[in-house]
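Trainee: Supplied in C-alpha cells, the structure appears directly below.
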Amino acid sequence: MKVRVDKSRCQGHAMCNAVAPAVYPIDDEGFVTIDVAEVAAADAELAKLGVETCPERAISIEE
Ligand code: SF4
4 MKVRVDKSRC
14 QGHAMCNAVA
24 PAVYPIDDEG
34 FVTIDVAEVA
44 AADAELAKLG
54 VETCPERAIS
64 IEE
C-alpha cells in the first residue's frame with residue numbers, strides 16, 4: 004500500500020509523525036515531507052493510524 008499526503012491541507016500538527024514516525028517523516032516545522040510513499044506491510048497498521056489521527060484529513064491510503 005501507499006500513503007499520499009495532500010500538502011495543501013497539511014497544517015504541520017505532526018500528529019501523524021507522533022503515531023508513526025517511520026511512515027511520516029517531518030521537517031523542523033512539523034510538516035510532513037513525503038508526497039507519496041510506499042509503506043512496508045509491517046507498518047500498514049501504523050500508517051492507517053496516522054490517517055485517522057490527522058485532524059486535517061490530509062492523508063489518504065492507496066492500495
Ligand atoms: S497530522 Fe496531518 S496536518 Fe499534521 S503533519 Fe501530519 S499530515 Fe500534516
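Numbering-wise (our numbering), the sequence shown opens with residue 4 and increments by one. For glycine and all other residues, C-beta sits at the position ideal for the given N, C-alpha and C.
#1: According to the Cβ coordinates, are VAL26 and VAL39 closer than 8 Å?
#2: From this set, GLU32, VAL42 and ALA23, which residue's C-alpha is nearest CYS13's C-alpha?
#3: Can you tell which of PRO58, GLU66 and ALA50 has the C-alpha that lies nearest to the C-alpha of ILE37?
#4: Please confirm whether any heavy atom of the ligand SF4 lies closer than 7 Å to the CB of ALA40.
#5: Please report the straight-line C-alpha distance between THR56 and PRO28, rounded to a whole angstrom.
Mentor: Reading from the atomic positions:
#1: On the sequence shown, position 23 is the one that residue 26 refers to. On the sequence shown, position 36 is the one that residue 39 refers to. Against a cut-off of 8 Å, the Cβ pair of VAL39 and VAL26 comes out as no contact.
#2: Looking up residue 13 in the sequence shown gives position 10. Per the C-alpha coordinates, the member of GLU32, VAL42 and ALA23 positioned closest to CYS13 is GLU32.
#3: Here residue 37 refers to the residue found at position 34 when the sequence shown is read from its first residue. Comparing Cα-Cα distances from ILE37 to each of PRO58, GLU66 and ALA50, the minimum goes to ALA50.
#4: Position 37 of the sequence shown holds residue 40. Not so, every heavy atom of the ligand SF4 lies at least 7 Å from the Cβ.
#5: Indexing the sequence shown from 1 puts residue 56 at position 53. Indexing the sequence shown from 1 puts residue 28 at position 25. Rounded to the nearest whole angstrom, the C-alpha separation of THR56 and PRO28 is 15 Å.
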